[in-house]
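Okay, so the sequence shown: first residue is 588 according to the numbering used here, each after it adds one.
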Amino acid sequence: MKIRCLHTPWLAALVLLSLNTGCRDRQTLADQATAKGTLLISNSAEPADLDPQTITGNPENNIVHALFEGLVRYHPETLDPVPAVASHWDLAEDGVTYTFHLREDARWSDGVPVTAHDFHRAYQRMLSPKLASHNADGLYRLKGAEDYHQGRSTDFSTVGSRVVDEFTLELTAAQPTPFFVRSLSNRRWFPVPIHVLEKHDALERQGTPWTRPENLVGNGPFVLESWEPNRVIETARSTTYWNRNEVSLKRIHFLPIENSTSEEAAYRAGQLHVILNLPISKIETYRRERPDELNISPASNTYYYAFNLTRPPLDDPRVRTALALAIDREAITREVTRAGQQVARHFVPPGISGYYSQVPGVSLDLDRARELLAEAGFPDGLGFPTLTLLYNTAESHKTIAQAVQQMWRQGLGIDIQLENQEWQVYVDSMQRHDFDISRATLGFAPDDPTTYFEIHSTGHGFNISAWSDPEFDSLLDLALNETEPEVRAEIFAKMDQRLIAEMPIAPIYHGTYIHVVRPEVKNWTENMIQSLPLREASLEP
């Protein structure tokens, strides 16, 4: 086998850090890692943190799911809830009270038992206004959680979480929710080691050292061994995990490679087992030359542009609608993304819990877009201010942004500047609403349309457009408390109408996941939310 030396700075660093090998070896880094049971996976970006209750992005999410585990976990293919820390659970006749029975052999990585108190106090921490977590909305499924988080109640006993005994936890939902148990697979519901957080004064503060390798204690199938910023995060199979005998991989190395071209080059050179972001320009090459390694699967997510309503002229719905109507979504999915993405007319992907919107959605209409822009005071784009479109570093985001920039220039006569930021800076900009227009992707387990609609409600942690519409909020409350499918569909249609009328965001497409996986990686399955099968995967030379 002929090995070609690659001398880019990042690849040189990878050679040094991985397994102390060089180009003189006949085997690739991935070959040697396979023999040692170490999975090498590109993770797109340097994680901002590893606190499951405060992180917001996929790069962090991938690692956190290796280090922590909730009451239940997603089945790697169907996404149905399967037992995790809870061995089983019961639902009372009232349809809202769930009793979870925890495994007595579940342990934190420092050997301390995982108890119902850990979950109960984790939920209290998440909902604490002082923590200011952008994920707290996810716990609003619990009775009284929203009132406690919003400060309308200061008594946590009013929240639907109760410790029955050391290994029994009772959760009471705010309303009958068919997907309540599956939602507990999300990292927002993971426990955190309260005894560790107390040592680092982290119960009500973000960004403390408790997530550093020398401090972090988890309860998942892997433990954090080392974290070299911008180089590698190394994890090892946990010796205290309750189901450790079923975990095949001995180690996982997460490599933060934001440049997808470098990522693909590293894979092709045998320095990675898995990449999660194949460059658009390489898709046809892999279809032709490595079809067995290319995995393209549907995703229950929406790629969209968010408009910052706190900045004029984006506070004018006519301007927002004009921008949305001037995007040729068919051209983007046909000529730019080219991986089976579905044009998005609405925010909610079609078919979620059987809901298909019948409301006319957003599509290319340049005549109407120009009319609206003129009505807003910018005929033919004259006098339109210079705005910036923000995206995080990735070839695909840049290519889409350039295409949309050209569409707006040619169709509306306006010039939008492009700005890319590294992942951590980008996340911070979105959370602070420090942008004009920003690309974003949100995806959820395909549970229910409400999980997609609610991110647009007033004050929601992922409502980066800062849109607030009392009518929409009222409709969401109705939908959450309604059980009749036909009535719910009518409510969803009205919510769709509000989103189309106000256009706080411009949906572009419903995505696909494009992974490339080496043949020696076995038991690698795909699902609609990119929940990686790290517990199930194995390596065979």
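Glycine is no exception: its CB is placed at the ideal position from the N, C-alpha and C atoms.
Closest Cα partner of residue i within the set the options
{"i": "Arg708", "options": "Gln1004, Ala789, His1020, Met1017", "result": "Ala789"}
{"i": "Ser813", "options": "Trp676, Ile650, Pro937", "result": "Ile650"}
{"i": "Ser629", "options": "Gln1084, Glu917, Ile839, Glu1006", "result": "Ile839"}
{"i": "Leu951", "options": "Thr924, Glu1077, Trp995, Tyr978", "result": "Trp995"}
{"i": "Gln945", "options": "Phe777, Ile1078, Ala990", "result": "Ile1078"}
{"i": "Ala956", "options": "Gly927, Val935, Leu912", "result": "Leu912"}
{"i": "Asp697", "options": "Pro670, Val804, Arg774", "result": "Val804"}
{"i": "Arg613", "options": "His736, Ser835, Val672, Gly857", "result": "Gly857"}
{"i": "His1169", "options": "Glu958, Ser847, Arg905", "result": "Because the chain here runs from 588 to 1128, residue 1169 falls outside it and cannot be looked at."}
{"i": "Thr764", "options": "Leu896, Tyr942, Asp1035", "result": "Asp1035"}
{"i": "Pro972", "options": "Glu917, Tyr735, Leu901, Thr745", "result": "Leu901"}
{"i": "Asp636", "options": "Asn773, Thr908, Ile1051, Gln793", "result": "Gln793"}
{"i": "Leu811", "options": "Ile1051, Asp638, Phe777", "result": "Asp638"}
{"i": "Asp1021", "options": "Ser940, Leu616, Asn895", "result": "Asn895"}
{"i": "Glu922", "options": "Ile870, Pro670, Trp776", "result": "Ile870"}
{"i": "Asp705", "options": "Ile781, Ser772, Ile642", "result": "Ile781"}
{"i": "Thr924", "options": "Ile883, Glu1058, Thr686", "result": "Ile883"}
Beta-bridge pairing of residue i - partner residues as DSSP gives them
{"i": "Pro811", "result": "The sequence given here places Leu at residue 811; Pro does not occur at that position. Answer by DSSP bridge pairing, in chain order: Thr822."}
{"i": "His1102", "result": "Asn882"}
{"i": "Pro700", "result": "Arg694"}
{"i": "Val861", "result": "Ile628, Val1104"}
{"i": "His1146", "result": "Here the chain covers residues 588 to 1128 and nothing more, so residue 1146 does not appear."}
{"i": "Leu977", "result": "Glu1006, Ser1025"}
{"i": "Asp752", "result": "Thr755"}
{"i": "Ala1093", "result": "Tyr892"}
{"i": "Ala673", "result": "Leu689"}
{"i": "Phe1079", "result": "BP columns for Phe1079 are empty, so no partner."}
Distance between residue j and residue i (C-alpha atoms, nearest Å)
{"i": "Ser1025", "j": "Val779", "result": "32 angstroms"}
{"i": "Leu960", "j": "Gly948", "result": "19 angstroms"}
{"i": "Trp797", "j": "Ala693", "result": "21 angstroms"}
{"i": "Gly964", "j": "Met713", "result": "45 angstroms"}
{"i": "Gln1018", "j": "Leu1067", "result": "26 angstroms"}
{"i": "Gly927", "j": "Ile987", "result": "15 angstroms"}
{"i": "Thr1037", "j": "Ile914", "result": "26 angstroms"}
{"i": "Pro596", "j": "Trp1010", "result": "Below a pLDDT of 50, predicted positions are generally treated as unreliable, and Pro596, at 41, falls in that range; the measurement from the model is reported next regardless. Computed Cα separation, rounded: 20 angstroms."}
{"i": "Pro885", "j": "Ser631", "result": "19 angstroms"}
{"i": "Pro1072", "j": "Ile844", "result": "44 angstroms"}
{"i": "Gln711", "j": "Asp724", "result": "13 angstroms"}
{"i": "His688", "j": "Val751", "result": "10 angstroms"}
{"i": "Gly738", "j": "Asp1083", "result": "30 angstroms"}
{"i": "Leu953", "j": "Ala990", "result": "16 angstroms"}
{"i": "Phe809", "j": "Arg905", "result": "50 angstroms"}
{"i": "Thr741", "j": "Glu815", "result": "40 angstroms"}
{"i": "Ser868", "j": "Trp695", "result": "44 angstroms"}
{"i": "Glu1123", "j": "Glu791", "result": "34 angstroms"}
{"i": "Tyr735", "j": "Glu647", "result": "27 angstroms"}
{"i": "Asp1015", "j": "Phe1049", "result": "12 angstroms"}
{"i": "Ile1051", "j": "Asn722", "result": "13 angstroms"}
{"i": "Leu726", "j": "Asn645", "result": "19 angstroms"}
{"i": "Arg611", "j": "Leu718", "result": "Interpretation of Arg611 is limited by its pLDDT of 44, a score under 50 that renders its predicted location unreliable; no figure is taken from the coordinates."}
Exposure label - residue i; buried when at least 16 CB within 10 Å
{"i": "Leu969", "result": "exposed"}
{"i": "Glu851", "result": "buried"}
{"i": "Thr625", "result": "buried"}
{"i": "Gly938", "result": "exposed"}
{"i": "Glu1089", "result": "buried"}
{"i": "Glu1113", "result": "buried"}
{"i": "Lys786", "result": "exposed"}
{"i": "His675", "result": "exposed"}
{"i": "Ser744", "result": "exposed"}
{"i": "Asp1023", "result": "buried"}
{"i": "Asn832", "result": "exposed"}
{"i": "Pro1106", "result": "exposed"}
{"i": "Pro936", "result": "buried"}
{"i": "Glu1127", "result": "exposed"}
{"i": "Val701", "result": "buried"}
{"i": "Val783", "result": "buried"}
{"i": "Val669", "result": "exposed"}
{"i": "Gln640", "result": "buried"}
{"i": "Ser1061", "result": "exposed"}
{"i": "Ala918", "result": "exposed"}
{"i": "Thr1045", "result": "exposed"}
* Do three or more CB pairs link the region 810-827 to the region 661-674 at distances below 8 angstroms? -> No, because fewer than three Cβ pairs between the region 810-827 and the region 661-674 fall closer than 8 angstroms, the two stretches do not touch.
* Do the region 930-942 and the region 1092-1102 meet, that is, are 3 or more Cβ pairs less than 8 angstroms apart? -> yes
* Asked: So, do the region 757-765 and the region 672-692 have three or more beta carbon pairs nearer to each other than 8 angstroms?
  -> yes
* Asked: Is the region 636-654 close to the region 874-894, with three or more CB pairs under 8 angstroms?
  -> no
* Tell me, please, whether the region 875-889 touches the region 1026-1035 by the rule of three or more beta-carbon pairs shorter than 8 angstroms. => The answer is yes - the region 1026-1035 touches the region 875-889, with three or more Cβ pairs under 8 angstroms.
* To do: Count the C-beta pairs between the region 852-870 and the region 974-992 that are closer than 8 angstroms, then say yes if the count reaches three, no if not.
  => yes
* Tell me, please, whether the region 725-736 touches the region 1002-1022 by the rule of three or more beta-carbon pairs shorter than 8 angstroms. => no
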